[in-house]
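Going letter by letter, the sequence shown gives residues 830 to 1127 in the working numbering.
Heads up, the beta-carbon is just placed ideally off N, CA and C, and yes, glycines get one too.
Have a look at the structure below before the remarks.
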Amino acid sequence: LIALLLPAVQQAREAARRSNCKNNLKQIGLAHHNYHDNFKCFPLGVRRDHAGGWGVSWWVGVLPYMDQAPLYNKLNLEVNHSGYVGNGGVANRVTVPLMVCPSSPMTTFTHDTGGGWTLRPHYVGISGATNGNGFTNASIHNEYAYTGCCTSVVAGGIKARGGVLLQNKCISRKDIIDGTTNVIVVSECSNYFWDVSDNPVQVNSNHGWMMGTADSGETGQNRTFNLTTIRYPPNTIDNTLPGVGNNDGPNNGIYSPHVGGVHALLGDGSVRFLSENIDMQTLRRLATRDDGQPLGEF
């Protein structure tokens, strides 16, 4: 009898965890819209700090709207490397529940920032999609080869600027020409990848939730953390693909431990479960705010 009941119990528990994950994204979406109400745009995806060091990611901007105002108030956004060692002591071993998918098998912290332990978030911002049929360079906003630091880890990567969470630029609702119901803002990065030796690898934000970029402007060839450019289908977990790596691959993709697909937060605040078999053309269009193309079913 126990053997018969155990699978049902496990399925019920996973259903509850999956529901919790979906609710996390709904709350993250609400935080983005509250931010927009105050600042008339969504947060910068990542930014460089004033001294040219590693600035912060979009996570920092939405902290006050995720019931994390006390944590936000402890951060010094004027210090050099504000998204890195400058606030390492503040972020050390701090858990933000909305950043964690309860189904994820991965470790919670990365030993990095200023010698401390920083939370690895299980959700990633979408900066756009690589080129494909029906896309012009204008709608992709200057995709380019990723040739900056650590190319041995993430060679062949492409970063696009056609999404909602971008480098050193904030996007407003009026910029989302396709409509907020037709664009992904955030999705999951909550499972392991696999290397050539079939060993599990964590590629989700190797430097934690605060890390942004050290590049100025909207372009640049340095790394950008906590953002990804859609290039591969959901749940593609091959660590050997171009642009994929743990330091920090611009095409790490969207992936989860949930059977069959991943959760995705849309621009209107709703959350959809995207099938891992979704048409790539549809996925690219979902990741692009202004391509002007019909989506089809998803």
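- Residue state for VAL929 is assigned as coil, using DSSP reduced to three classes.
- Here DSSP, grouped into helix, strand and coil, assigns PHE1022 to strand.
- If only complete runs of 4 or more residues are kept, the segment 855 to 942 shows the alpha helix (DSSP H) at 887 to 891, 898 to 903 and 917 to 920, in order along the chain.
- Distance check between TYR952 and each of ASN960, MET935 and ILE831 places MET935 closest, using alpha-carbon atoms only.
- In the DSSP assignment, LEU1124 falls outside any alpha helix (DSSP H), carrying neither H nor E.
- Annotated as proximal: ASP1044 and THR1053, with beta-carbon spacing under 9 angstroms.
- Ranked by Cα distance from TYR1061, the options GLN1110, LEU927 and ARG842 are led by GLN1110.
- In the same chain as ASP1119, and ignoring 5 residues on each side of it, the C-beta atoms closer than 8 angstroms to its own belong to SER968, GLY991, ASP1004, ILE1005, ILE1006 and ASP1007, in chain order.
- Within 10 angstroms of the beta-carbon of HIS1087 lie 16 or more other beta-carbons, which makes it buried.
- One Cα belongs to ARG1114, the other to LEU994, and the distance between them is close to 15 angstroms.
- One Cα belongs to MET1040, the other to ILE831, and the distance between them is close to 46 angstroms.
- In the three-state reduction of the DSSP assignment, ASP1044 falls in the coil class.
- Between ASP1097 and THR1009, the beta carbon gap of about 4 angstroms places them in contact (Cβ cut-off 8 angstroms).
- In the structure shown, THR947 adopts extended strand secondary structure according to DSSP, grouped into three states.
- Per DSSP, ARG1101 is one residue of the beta strand (DSSP E) stretching across 1100 to 1104.
- Rounded to whole angstroms, LEU859 and VAL885 show a C-alpha spacing of 20 angstroms.
- Between the beta-carbon of PHE1022 and that of ASN1068 there is about 4 angstroms, and that keeps the pair under the 8 angstroms contact cut.
- LYS855 and VAL1073 have their C-alpha atoms some 27 angstroms from each other.
- For the pair ASN916 and LEU927, the CB atoms are not nearer than the 9 angstroms cut-off.
- By the C-beta density criterion, GLU907 is exposed, having fewer than 16 other C-beta atoms within 10 angstroms.
- Annotation for LEU1115: the continuous alpha helix (DSSP H) segment containing it runs 1109 to 1115.
- A direct Cα-to-Cα measurement between SER1099 and TYR864 gives close to 16 angstroms.
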